[in-house]
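Student: For reference, the structure I am asking about is given below.
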Amino acid sequence: MDVSVIIVNYKSRRLIMQQLRHFFSTPTRCAVEVLVVDNASQDGIVPLLAAEFPQVKTIELAENKGFGSGNNAGIAKATGRYIVLCNPDIVLTAAALDMMCEYMDAHAAVGMIGPRLINADGSLQYSIARFPGLRYPFARRSILEKTRWGQRWTDDFFMRSWAHDTPREVDWMQGSCMMVRHDALRDVGGFDRHFFMYLEDTDLCWRFWERGYRVVYLPSISLIHLHRRSSEGSAFSILFNSLSRAHLISFFRYMLKHIGRENPHIPDGPNH
Numbered sequence: 001m002d003v004s005v006i007i008v009n010y011k012s013r014r015l016i017m018q019q020l021r022h023f024f025s026t027p028t029r030c031a032v033e034v035l036v037v038d039n040a041s042q043d044g045i046v047p048l049l050a051a052e053f054p055q056v057k058t059i060e061l062a063e064n065k066g067f068g069s070g071n072n073a074g075i076a077k078a079t080g081r082y083i084v085l086c087n088p089d090i091v092l093t094a095a096a097l098d099m100m101c102e103y104m105d106a107h108a109a110v111g112m113i114g115p116r117l118i119n120a121d122g123s124l125q126y127s128i129a130r131f132p133g134l135r136y137p138f139a140r141r142s143i144l145e146k147t148r149w150g151q152r153w154t155d156d157f158f159m160r161s162w163a164h165d166t167p168r169e170v171d172w173m174q175g176s177c178m179m180v181r182h183d184a185l186r187d188v189g190g191f192d193r194h195f196f197m198y199l200e201d202t203d204l205c206w207r208f209w210e211r212g213y214r215v216v217y218l219p220s221i222s223l224i225h226l227h228r229r230s231s232e233g234s235a236f237s238i239l240f241n242s243l244s245r246a247h248l249i250s251f252f253r254y255m256l257k258h259i260g261r262e263n264p265h266i267p268d269g270p271n272h
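So for the sequence shown, full-length UniProt numbering puts the first residue at 1; every next one is plus one.
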């Protein structure tokens with residue numbers, strides 16, 4: 001098997017059914033299996049998948065232990081040389097999958113790649129970034145996000161001054177859609193199950209670099225990501241918004257794990 005596509009479902013039945021109809025409408029050149037992990041969503045997706053897509057493997061979890069743990073359950077059952085971790089709101093295409101597979105075949109030192117993500121209107125999403133530092137929660141999840149300082153920090157963090165039109169090694173990329181070598185994923189131990197949501201992808205990329213696997217952004221491959229930001233920074237968002245709280249908890253967990261350690265991508269380079 002060439003590629004295992006893993007999609008984690010949590011109350012995203014409609015998106016996943018649409019995603020799979022689009023993906024299976026065109027055959028791939030590489031051999032592909034699709035695994036859907038149902039994260040205790042209780043939305044009835046499993047019988048729907050069995051009826052319409054019997055070729056899709058389903059994994060039902062009794063408890064929602066988060067995005068990373070859901071992906072780990074899929075990874076444990078995957079047989080592909082490469083793993084594609086794909087959110088339900090990615091418009092996945094056969095052509096993009098073939099191109100990613102071909103790139104990985106030709107670049108043995110690369111452990112992870114990510115496509116350029118765009119909005120439905122064709123505008124760019126900033127899906128790559130620098131490793132975060134202590135300023136991260138203030139610039140991302142507080143009223144300071146709206147200040148001139150916050151905007152400058154955000155522009156630098158997401159590398160917005162770069163044209164995003166050439167391949168480039170990056171610190172980390174969003175877990176919305178990435179292809180990784182299965183062997184490399186085994187080597188680093190998969191996702192850290194202690195991250196329920198947010199920064200589990202950042203931590204994974206850190207460990208890829210730490211083990212010598214390159215992380216590369218490939219803008220020649222574009223995919224639509226239907227994502228819309230779920231919460232805006234405000235003075236009280238950290239206290240009263242559940243997503244902001246989850247983000248902050250993950251940030252502290254990330255910092256406890258990595259603070260004071262040398263950036264594995266750029267030794268002695270700054271974190272943000």
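A virtual CB, placed ideally from N, CA and C, is assigned to each residue, including glycine.
My parser needs the beta strand (DSSP E) runs of 3 or more residues fully inside the stretch 131-188; what are they?
Tutor: 177-181
Student: For MET1, is the classification buried or exposed, using 16 other Cβ atoms within 10 angstroms of its Cβ as the cut-off for buried?
Tutor: Counting from one through the sequence shown, the residue named residue 1 turns up at place 1. MET1 should be labelled exposed.
Student: Taking the beta strand (DSSP E) that PRO115 belongs to, which residues open and close that run?
Tutor: Taking the first residue of the sequence shown as 1, we reach residue 115 at position 115. 110-118 is the extent of the beta strand (DSSP E) around PRO115.
Student: If you check the beta carbons only, do ASN39 and LEU61 fall under 8 angstroms apart?
Tutor: As a first step, residue 39 is located in the sequence shown; it is residue number 39 there, counting from the start. As a first step, residue 61 is located in the sequence shown; it is residue number 61 there, counting from the start. Yes, the Cβ-Cβ distance between ASN39 and LEU61 is below 8 angstroms.
Student: Under the rule that 16 or more other beta-carbon atoms within 10 Å means buried, what is GLN42, buried or exposed?
Tutor: Taking the first residue of the sequence shown as 1, we reach residue 42 at position 42. Exposed, because fewer than 16 other Cβ atoms sit within 10 Å of the Cβ of GLN42.
Student: Excluding the five sequence neighbours on either side, which residues of its own chain have a C-beta within less than 7 angstroms of the C-beta of LEU239, listed in chain order?
Tutor: Along the sequence shown, read from residue 1 onward, the residue named residue 239 stands at position 239. At LEU239 the pLDDT is 46, less than 50, meaning the model places this residue with poor confidence and gives no usable figure here.
Student: Assess, as a yes-or-no matter, whether the stretch 148-160 is touched by the stretch 110-123 under the definition of 3 or more beta carbon pairs within less than 8 angstroms.
Tutor: no
Student: Could you check which residue in LEU92, SER69 and SER12 has the C-alpha nearest to that of LEU49?
Tutor: Translated into the one-based positions of the sequence shown, residue 49 becomes position 49. With distances taken between Cα atoms, LEU49 lies closest to SER12.
Student: For PRO167, tell me which candidate among ASP98, TYR217 and ALA76 has the shortest Cα-Cα distance.
Tutor: Stepping through the sequence shown from its first residue, residue 167 is reached at position 167. It is TYR217.
Student: Does the separation of the CB atoms of HIS164 and ARG116 fall below 8 angstroms?
Tutor: Walking along the sequence shown from the start, residue 164 turns up at place 164. Walking along the sequence shown from the start, residue 116 turns up at place 116. Yes, the pair counts as a contact, with Cβ atoms nearer than the cut-off.
Student: Tell me the rounded alpha-carbon separation between MET197 and ARG245.
Tutor: Position 197 of the sequence shown, counted from the start, is the residue given in the question as residue 197. Position 245 of the sequence shown, counted from the start, is the residue given in the question as residue 245. Computed Cα separation, rounded: 10 angstroms.
Student: Could you check which residue in ARG214, VAL5, GLY70 and ASP192 has the C-alpha nearest to that of ARG253?
Tutor: Taking the sequence shown and counting its residues from 1, the one referred to as residue 253 is at position 253. Closest option to ARG253, Cα to Cα, is ASP192.
Student: Contact defined as beta carbons within less than 8 angstroms: I believe ILE224 pairs with MET173. What is the distance between those atoms, to the nearest angstrom?
Tutor: Translated into positions along the sequence shown, residue 224 becomes position 224. Translated into positions along the sequence shown, residue 173 becomes position 173. That belief does not hold up - the Cβ atoms of ILE224 and MET173 are roughly 16 angstroms apart, past 8 angstroms.
Student: Restricting to Cα atoms, I'd like to know which of LEU199, ILE221 and LEU185 is closest to TYR213.
Tutor: Along the sequence shown, one-based indexing puts residue 213 at 213. With distances taken between Cα atoms, TYR213 lies closest to LEU185.
Student: Please list, in chain order, all residues of the same chain as ASP187 whose beta carbon is under 7 angstroms from its beta carbon, the five residues on each side excluded.
Tutor: As a first step, residue 187 is located in the sequence shown; it is residue number 187 there, counting from the start. Closer than 7 angstroms at Cβ, skipping near neighbours: ARG211.
Student: When the Cα of THR79 is compared with those of GLY66, LYS57, PRO219 and MET99, which residue comes out closest?
Tutor: Here the question's residue 79 lines up with position 79 in the sequence shown. It is LYS57 whose Cα lies nearest to the Cα of THR79.
Student: Can you give the Cα-Cα distance for ASP98 and SER4, rounded to whole angstroms?
Tutor: Within the sequence shown, numbered from 1, the residue matching residue 98 stands at position 98. Within the sequence shown, numbered from 1, the residue matching residue 4 stands at position 4. For ASP98 and SER4, the distance between alpha carbons rounds to 12 angstroms.
Student: Could you spell out the range, first to last residue, of the alpha helix (DSSP H) harbouring PRO47?
Tutor: To locate residue 47, count along the sequence shown from 1; it is residue 47. PRO47 -> alpha helix (DSSP H) spans 45-52.
Student: Put HIS265 into one of helix, strand or coil per three-state DSSP.
Tutor: Counting from one through the sequence shown, the residue named residue 265 turns up at place 265. Here HIS265 sits in coil by DSSP.
Student: Under the three-state reduction of DSSP, which class applies to ARG253: helix, strand or coil?
Tutor: Working through the sequence shown from its first residue, we reach residue 253 at position 253. If DSSP states are grouped into helix, strand and coil, ARG253 belongs with the helices.
Student: Give me, in chain order, the residues of the same chain whose beta-carbon lies closer than 7 angstroms to that of GLU232; leave out the 5 immediate sequence neighbours on both sides.
Tutor: Here residue 232 refers to the residue found at position 232 of the sequence shown. Note that GLU232 has pLDDT 40, beneath the 50 cutoff, so the model's placement of it is unreliable and the number below is only indicative. Within the same chain, GLU232 has no close Cβ partners at all.
Student: Where does residue 348 sit, in a helix, a strand or coil, going by DSSP?
Tutor: With the chain running from 1 to 272 in the structure shown, residue 348 is simply not present.
Student: Would you mind reading off the limits of the alpha helix (DSSP H) that contains THR28?
Tutor: Reading the sequence shown from its first residue, position 28 is the one you call residue 28. Counting along the chain, THR28 falls outside any alpha helix (DSSP H), and DSSP gives it neither H nor E.
Student: Spatial neighbours of ILE16 within its chain, please: C-beta separation below 7 angstroms, excluding the five flanking residues on both sides.
Tutor: Taking the first residue of the sequence shown as 1, we reach residue 16 at position 16. Correct list, in chain order: ILE7, ASN9, VAL36, ILE45 and PRO88.
Student: My output table needs one value for ALA129: the three-state DSSP class, helix, strand or coil.
Tutor: In the sequence shown, counting from the first residue as 1, residue 129 sits at position 129. Strand, per DSSP.
Student: Which same chain residues end up closer than 7 angstroms to ALA94 when comparing Cβ atoms and leaving out the 5 residues on each side of it in sequence?
Tutor: In the sequence shown, counting from the first residue as 1, residue 94 sits at position 94. The answer, listed in chain order, is PHE23, THR26, PRO27 and THR28.
Student: Express the C-alpha separation of VAL170 and THR202 in angstroms, rounding to a whole number.
Tutor: For the purposes of this step, residue 202 is taken as the residue at position 202 of the sequence shown. For the purposes of this step, residue 170 is taken as the residue at position 170 of the sequence shown. So the two alpha carbons sit approximately 11 angstroms from each other.
Student: Could you check what DSSP says for ASP105 in three-state terms: helix, strand or coil?
Tutor: Walking along the sequence shown from the start, residue 105 turns up at place 105. Helix, per DSSP.
Student: Using 10 angstroms around the beta-carbon of ILE143, count the other beta-carbons present and answer buried if the total reaches 16, otherwise exposed.
Tutor: The count along the sequence shown starts at 1 and reaches residue 143 at position 143. ILE143 counts as exposed, since fewer than 16 other beta carbons sit within 10 angstroms of its beta carbon.
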